[in-house]
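Undergrad:
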Amino acid sequence: MDTKEDVWEFEKLEQQLHSFLTEISELSKKKPNDALNKFKLTFINATLVKLNDLLKDDRPFQDFEIFDVDDLPSNSDVIVILSQYAAATNRFRANNTTKKSYEWWWLVKGKISDLQTEDPESFKYQPR
Amino acid sequence: MYLLSRYLVYTSFFCFFLLFVFLVLKKQKQKLNRKEKRPRRKGESRARTLAVGLAYNLPMPIVRPRLTDYYGILISQAEADFAIPFLDEDIPLYLDPFLLWRSPSQQDNALHTSLINSFNHLGYLEKQGKHSQAVEILTALSECDEVGFGHSHTREGRRFGDATAGEILHLFRTIPEYDKRGFTHFEEIQFFVDHISKDRISDIACNLLKSFLVDYTIQQCQSYRIPTSSLTAPVYSYKENKIITERGLSLPCNPETKKPIILVPKRWLRFRPWLDLNEYLTEYFPKEKLPSADSRPAVLTFNRQNYGAVQQYVAAKERSADDCKNDPLFSQIPIASARKSLEVIKAIPSGQKDENDQTYERELSRLLASAFYPQLDFAKAQSRTESGVLIRDLIFYNNRSHEFLAELFNKYDCRQIVMEMKNVNELQSEHINQLNRYMTDQFGKLGVILTRRDPLAKVFRNTVDLWAGQRRCILILDDVDLEQIVTLYDCKQRDPIDVLKKKYVEFMRKCPS
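If you're matching them up, the sequences are chains A and B in order.
The opening residue of the first sequence carries number 1 in the numbering used here; numbering runs sequentially from there.
The opening residue of the second sequence carries number 1001 in the numbering used here; numbering runs sequentially from there.
1) Rounded to whole angstroms, what's the CA-CA distance from B/Ser1107 to B/Pro1328? Just pull it up for me.
2) Taking the continuous alpha helix (DSSP H) assigned at B/Leu1364, which residues delimit it?
3) Of all the options B/Glu1246, B/Pro1291, B/Arg1304, which has the alpha carbon lying nearest to the alpha carbon of B/Glu1167?
4) State yes or no: is the beta carbon of B/Leu1408 nearer than 8 Å to at least one beta carbon in chain A?
5) Could you say if the segment 1339-1354 of chain B and the segment 1309-1326 of chain B meet the contact criterion of at least three C-beta pairs nearer than 8 Å?
6) When the cut-off is 8 Å and only beta carbons count, does A/Asp34 lie next to chain B?
7) Go ahead and label B/Asn1399 buried or exposed: buried means 16 or more other beta carbons lie within 10 angstroms of its beta carbon, across all protein chains shown.
8) Identify the continuous beta strand (DSSP E) that holds B/Cys1473 and give its terminal residues.
9) Quick one: measure Cβ to Cβ for B/Thr1217 and B/Ile1262, integer angstroms, because I've assumed they're closer than 8 Å.
10) Along the chain, where does the beta strand (DSSP E) containing B/Val1418 start, and where does it finish?
11) Could you tell me whether the segment 1432-1444 of chain B touches the segment 1074-1087 of chain B, using the rule of 3 or more Cβ pairs below 8 Å?
12) Tell me the DSSP bridge mates of A/Trp106?
13) Give the DSSP bridge partners of B/Val1235, in chain order.
14) Quick check: the segment 1130-1145 of chain B against the segment 1177-1191 of chain B, are at least 3 beta-carbon pairs closer than 8 Å?
15) If you run the structure through DSSP and keep just helix, strand and coil, what is A/Thr117?
16) Considering only C-alpha positions, which residue in the set B/Leu1376, B/Tyr1236, B/Asp1199, B/Glu1361 is nearest to B/Pro1092?
17) Can you grab the Cα-Cα spacing for the pair B/Glu1361 / B/Ala1371, in whole Å?
18) Rounded to a whole number of angstroms, what is the C-alpha to C-alpha distance between B/Leu1500 and B/Val1063?
19) Got a sec, what are the start and stop residues for the beta strand (DSSP E) B/Phe1082 sits in?
20) When we look at the beta-carbon of B/Thr1174 and count the other beta-carbons within 10 Å, is it buried (16 or more) or exposed?
21) Using C-beta distances below 8 Å, list every residue in its chain close to B/Ile1226, excluding the 5 sequence neighbours before and after it, in chain order.
22) If we ignore side chains and look at the alpha-carbon of each, how far apart do B/Glu1363 and B/Ser1341 end up?
23) Let me make sure I understand the geometry here. Which of A/Gln126, A/Asn45, A/Ser113 has the alpha-carbon closest to that of A/Glu5?
24) Considering only DSSP beta bridges, list what B/Leu1390 is partnered with.
25) Measure the C-alpha to C-alpha separation of B/Ile1474 and B/Leu1450 and round it to an integer number of angstroms.
26) To the nearest angstrom, how far is the alpha carbon of B/Trp1101 from that of B/Asp1490?
27) Kindly say whether A/Asn90, judged by its beta-carbon, lies nearer than 8 Å to any beta-carbon of chain B.
28) Less than 8 Å separating the beta-carbons of B/Leu1275 and B/Glu1188?
29) Shortest alpha-carbon distance to A/Gln15 belongs to which of A/Asn37, A/Leu27, A/Leu36, A/Thr47?
30) Can you list, in chain order, the residues of the segment 1497-1511 of chain B whose Cβ is nearer than 9 Å to any Cβ on chain A?
31) Looking at the C-beta of A/Leu72, does it have a partner C-beta in chain B at a distance below 8 Å?
32) Against chain A, with Cβ distances strictly below 8 Å, would B/Arg1494 count as a contact?
33) For A/Asn37, would you say it is in contact with chain B, using Cβ-to-Cβ distances shorter than 8 Å as the test?
34) Could you round the C-beta distance between B/Arg1415 and B/Gly1444 to whole angstroms and report it? I think they count as a contact, below 8 Å.
35) Would you verify that the beta carbon of B/Cys1473 is, or is not, closer than 8 Å to some beta carbon of chain A?
36) State the Cα-Cα distance for the pair B/Tyr1313 and B/Leu1300, rounded to the nearest angstrom.
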């Protein structure tokens, strides 16, 4: 993480990603082959663009950036990719946090910051 | 001397000005002539020859031309308030006067009242002893070519004869209710007089409402910028109770016949009138009172002598008037039917054995016509023979109602989209070439092949080469794509037309940049 703002941005995007995963998982359980509409894809793509900026080389796939609306991605396609992003964000969190005096702290520019957080294990995406 | 020189200067200026105006006008005339100079092809109607050509200055015929396509107006049937008329043939719908009667609109109710008053005036003339005058008016009212409703392939129908007109007028004398109070629903005449069908009812109603319809047409033409000409048409005058010839009406013109075209609101149209003789015969007619109920003349005679039977039917239909709705010009098949069609298609073996190809084409036609609606209006399923092989196509109008369709129009000059159906196990390069040869000036440079399986790499390569060499685009859709179309048709999250776009995007990715 380069700045404190990056930490705040990351925490927001991580929550959005988990919400999308939960919502689309519900859709996918009923109709995995249905195409996702353009409205939902636009917001998912917006989240992915910002996550790509933060994750940089920690992105799950180097040749995937966002969903192409014209490719008609199905619910299950979206779940596959978002799950990979959930795993990547969790790895990223683990790499950018450290435990000191029984508490977890964010690392900014490789140094311990005054931004406290929780154990990365508690941020792992748990499917319902 | 000074005055003379001034006079000469002014005269020469004036002459130059006249010469300039003359040259400009001549050039304009040449330009207009050039537009119409394309020779007509063998067996081709003039409308087809000129269709689009006039609007775009392109020598390009289109299949089953509609008024809007002819003038390059970007409007789909779903958007238009009126039924878009064909130039070559009739629309198989009819104006149902009952829809005006049951309409919540005061304007429609008032028009129905004026329609009935006009019709009852014929009874008044009959009772006043002006039989020949009434017959003349009624005969003239019996056909309305300007609206183009019915099943004619020429947009022209025949009027009924004096004898039928006489029979209708006779009802004002023979049936006491009509003698006393006239008609409330003039379509009741079909229950008493033979050879009066739904198209006659529709035509009489259109003629009696023509003055309003002319105004409506002018208004619609102005809002959609449909070109009009100054034309002459017979119009029933509500004030004078006779048919008068109105000149200088600003109406669209049929390029083939040069006759005026009149537009009718969609909300007044049905496939069958709400008061329908066939329904009356099957469900309401008291068959126990007439043993020979199968004979239509006997039934009509019975009705004339037992008006109560008809009255009961009309009263029942008036009670259920809330169920009377206009019929859409095109109705999509239900999702369950689309799924069923897909199952049938997937179960059909490839090839021509047991007429498998015909079943494939039939199911595909009904499925795609619904799936691509309303972005693409279905024009026609047509057959052609090439090298002794029967080929069936689906033709769609490209209204550019979707950004992707606008792109196809701009890039490939695609005014109509042709989809060729191939129920074959393996698509061959010859199939690609067949469609390519067909994609002349009619359909622009884009075509679609609907087949059973993903094409072999070499066949697909052929389409890429065609694009690279001639900038012609041939998209191939197989059963998997069809399944996705049906999935989208079902889930409503995306438009089925997006599958076509997806194939196009995939194709473009394979093409050399």
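Just so you know, even glycine gets a beta-carbon here, dropped at the ideal spot from N, CA and C.
TA: By the coordinates alone:
1) Correcting the residue type first, residue 1107 of chain B is Gln in the shown sequence and not Ser. Going by the C-alpha atoms only, they are around 21 Å apart.
2) Looking at the DSSP string, the run of the alpha helix (DSSP H) that includes B/Leu1364 is 1356-1371.
3) B/Arg1304
4) no
5) no
6) yes
7) Result: buried.
8) Annotation for B/Cys1473: the continuous beta strand (DSSP E) segment containing it runs 1473-1477.
9) Confirmed, about 5 Å.
10) 1416-1421
11) no
12) A/Thr97
13) B/Ile1244
14) Segments in contact, no.
15) Here A/Thr117 sits in strand by DSSP.
16) Scanning B/Leu1376, B/Tyr1236, B/Asp1199, B/Glu1361 for the CA closest to the CA of B/Pro1092 turns up B/Asp1199.
17) Rounded to whole angstroms, the separation of the alpha carbons of B/Ala1371 and B/Glu1361 is 15 Å.
18) Each residue's alpha carbon lies about 21 Å from the other.
19) It is not in any beta strand (DSSP E) - B/Phe1082 carries neither H nor E in the DSSP assignment.
20) So B/Thr1174 ends up on the exposed side.
21) Leu1067, Thr1068, Tyr1071, Ile1073, Gln1220, Pro1252.
22) 6 Å
23) With distances taken between Cα atoms, A/Glu5 lies closest to A/Ser113.
24) B/Thr1385
25) 11 Å
26) 37 Å
27) no
28) When the beta-carbon positions are compared, B/Leu1275 and B/Glu1188 come within less than 8 Å of each other.
29) A/Thr47
30) Hits within the stretch, in order: Asp1498, Val1499, Lys1501, Lys1502, Tyr1504, Val1505, Glu1506.
31) With respect to chain B, the C-beta atom of A/Leu72 has a partner C-beta closer than 8 Å.
32) Chain A places a beta carbon closer than 8 Å to that of B/Arg1494, counting this residue as a contact.
33) yes
34) 6 Å
35) no
36) 14 Å
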